[in-house]
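Written below as structure tokens is the structure these notes are about.
2 protein chains.
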Amino acid sequence: MNQNNCFYCIKDERLSNLMIPVCTFSTSTLYLFKDQRYPGRCVLACDKHYNEIFELSYKERETMMQDLSKVSKALKLLFHADKINLAVYEDLVSHFHVHIVPKTRDGFEWGKPFSDEKEKHFLEDAEYQDRINKIKMALQDIDI
Amino acid sequence: MNQNNCFYCIKDERLSNLMIPVCTFSTSTLYLFKDQRYPGRCVLACDKHYNEIFELSYKERETMMQDLSKVSKALKLLFHADKINLAVYEDLVSHFHVHIVPKTRDGFEWGKPFSDEKEKHFLEDAEYQDRINKIKMALQDIDI
């Protein structure tokens with residue numbers, strides 16, 4: 001998938017079927033993953049189309065990692081997670097983005113990688129909006 | 001697992017059974033994963049015991065992410081990877097470390113997360129050493 005047909009760049013229904021925008025940072029955009037099997041699961045996507053972490057400029061990477069840290073802290077507190085899992089895969093979707101997955105000891109796949117192949121858990125629109133509002137508010141209080 | 005029984009801190013046989021040191025950076029240590037199912041698979045572990053990305057100081061995170069980028073580029077070139085996968089899990093091993101996993105289109109689990117539950121591929125000692133030497137040399141040539 002190159003930049004011309006990348007759904008993170010085009011932002012078409014392939015993106016909106018998977019996730020909902022939460023907020024924008026200076027170099028990245030935060031999305032709430034529609035499959036909320038892991039409550040609070042989000043994606044932080046770089047605004048520019050890069051394939052690998054080393055393609056970002058020093059400044060872009062530094063800024064995005066700062067925002068990733070901020071989001072991780074906010075999600076950990078908000079969803080009472082015992083651990084935040086982070087993953088950059090992109091074998092098929094070649095646009096730099098990080099999966100941010102709050103895990104709990106008594107929740108799904110504790111001690112194993114989070115999975116997209118298990119039963120999905122979708123919410124009502126109002127529930128997504130409520131979760132998004134809570135994340136935005138939590139982010140305001142985070143200082144790292 | 002707290003700092004007192006953390007194998008990344010103590011560096012006992014629980015660590016040496018899993019991985020071999022490649023080199024040290026200013027805030028982290030690079031290890032070659034003994035299971036080389038994904039050729040070139042490494043772990044970059046923070047030298048200090050932190051549980052989450054947001055616990056690192058700004059400077060520590062910035063430095064470690066720069067070194068992570070450098071290693072990712074070196075491994076991509078050296079092992080002719082089509083994509084570098086990165087993952088921070090640590091549900092059970094609470095010491096900040098990043099799995100760096102070169103993937104190829106015609107290799108294992110392309111388009112899916114890398115797995116620790118599939119058949120492992122161990123090398124002879126001399127093969128590990130050869131791979132380590134090549135990674136160290138490749139790192140010398142990387143400028144990002």
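One line per chain: the protein sequences are A and B, in this order. Each step along the first sequence adds one to the number in the working numbering, with nothing skipped, and position 10 is 10. Each step along the second sequence adds one to the number in the working numbering, with nothing skipped, and position 45 is 45. Don't be surprised by glycine CBs; every beta carbon is placed ideally from N, CA and C.
Quiz item: What's the gap between the Cα of A:S16 and the Cα of A:E119?
Solution: Position 16 of the first sequence, counting from 1, holds the residue named residue 16 of chain A. Position 119 of the first sequence, counting from 1, holds the residue named residue 119 of chain A. Computed Cα separation, rounded: 20 Å.
Quiz item: Do you know offhand how far A:L139's Cα is from B:Q3's?
Solution: Counting from 1 along the first sequence, the entry for residue 139 of chain A is found at position 139. Counting from 1 along the second sequence, the entry for residue 3 of chain B is found at position 3. When rounded, the distance between both Cα atoms is 29 Å.
Quiz item: Is there at least one Cβ from chain B nearer than 8 Å to A:Y89's Cβ?
Solution: Stepping through the first sequence from its first residue, residue 89 of chain A is reached at position 89. True, the Cβ-Cβ gap to chain B drops below 8 Å.
Quiz item: Helix, strand or coil for A:T63 per DSSP?
Solution: To locate residue 63 of chain A, count along the first sequence from 1; it is residue 63. Residue state, collapsed to three classes: helix.
Quiz item: With a cut-off of 8 Å, does the C-beta of B:E52 fall near any C-beta of chain A?
Solution: As a position in the second sequence, residue 52 of chain B is number 52, starting the count at 1. Cβ-Cβ to chain A under 8 Å: yes for B:E52.
Self-check item: Runs of beta strand (DSSP E) lying entirely within the region 15-93 of chain B, each at least 3 residues, in chain order
Solution: 19-24, 28-33, 42-46, 83-88
Quiz item: Grouping DSSP H, G and I as helix and E and B as strand, with all else coil, what is B:I10?
Solution: The residue labelled residue 10 of chain B in the question sits at position 10 within the second sequence. Here B:I10 sits in helix by DSSP.
Quiz item: Who are the neighbours of A:I84 on chain B, taking C-beta pairs under 7 Å?
Solution: As a first step, residue 84 of chain A must be located in the first sequence, where it is residue number 84. Residues of chain B passing the Cβ test: E52.
Quiz item: Mind checking if A:M65 is an interface residue toward chain B, Cβ cutoff 8 Å exclusive?
Solution: As a working note, residue 65 of chain A is residue 65 in the first sequence. By this cut-off, A:M65 is an interface position.
Quiz item: Which one or two residues does DSSP pair with B:P102 in a beta bridge?
Solution: As a first step, residue 102 of chain B is located in the second sequence; it is residue number 102 there, counting from the start. Answer by DSSP bridge pairing, in chain order: B:I84.
Quiz item: Leaving out five residues before and five after A:P39 in sequence, what residues of the same chain have Cβ atoms less than 7 Å from its Cβ?
Solution: Along the first sequence, one-based indexing puts residue 39 of chain A at 39. If we look at A:P39 and ignore the five residues flanking it on each side, its Cβ neighbours are F79, P102.
Quiz item: Counting pairs of Cβ atoms below 8 Å between the region 105-116 of chain A and the region 6-16 of chain A, do you hit three or more?
Solution: no
Self-check item: Nearest-angstrom beta carbon gap, A:L44 and A:V93 [assumed within contact, 8 Å]
Solution: Taking the first sequence and counting its residues from 1, the one referred to as residue 93 of chain A is at position 93. Taking the first sequence and counting its residues from 1, the one referred to as residue 44 of chain A is at position 44. About 14 Å; that fails the 8 Å criterion.
Quiz item: Shorter than 8 Å from the beta carbon of A:G40 to some beta carbon of chain B?
Solution: Residue mapping note: residue 40 of chain A aligns to position 40 of the first sequence, counting from 1. Not one chain B Cβ lies under 8 Å of A:G40.
Quiz item: Is it buried or exposed for B:Y83, if we count other Cβ within 10 angstroms and need 16 for buried?
Solution: Your numbering for residue 83 of chain B matches position 83 in the second sequence. Per the sequence shown, residue 83 of chain B should be read as Lys rather than Tyr. It is buried - the Cβ of B:K83 has at least 16 other Cβ atoms within 10 Å.
Quiz item: If we call anything under 8 Å between Cβ atoms a contact, is A:Y128 one with A:I20?
Solution: Locating residue 128 of chain A in the first sequence gives position 128, counting from the first residue. Locating residue 20 of chain A in the first sequence gives position 20, counting from the first residue. Yes, these two residues count as a Cβ contact at 8 Å.
Quiz item: Can you name the residues that DSSP bridges to B:H97?
Solution: For the purposes of this step, residue 97 of chain B is taken as residue 97 along the second sequence, with counting starting at 1. Note: B:H97 sits in a beta bridge opposite B:A45.
Quiz prompt | Interfacial residues, the region 93-104 of chain B to chain A, with Cβ spacing under 7 Å | solution = K103
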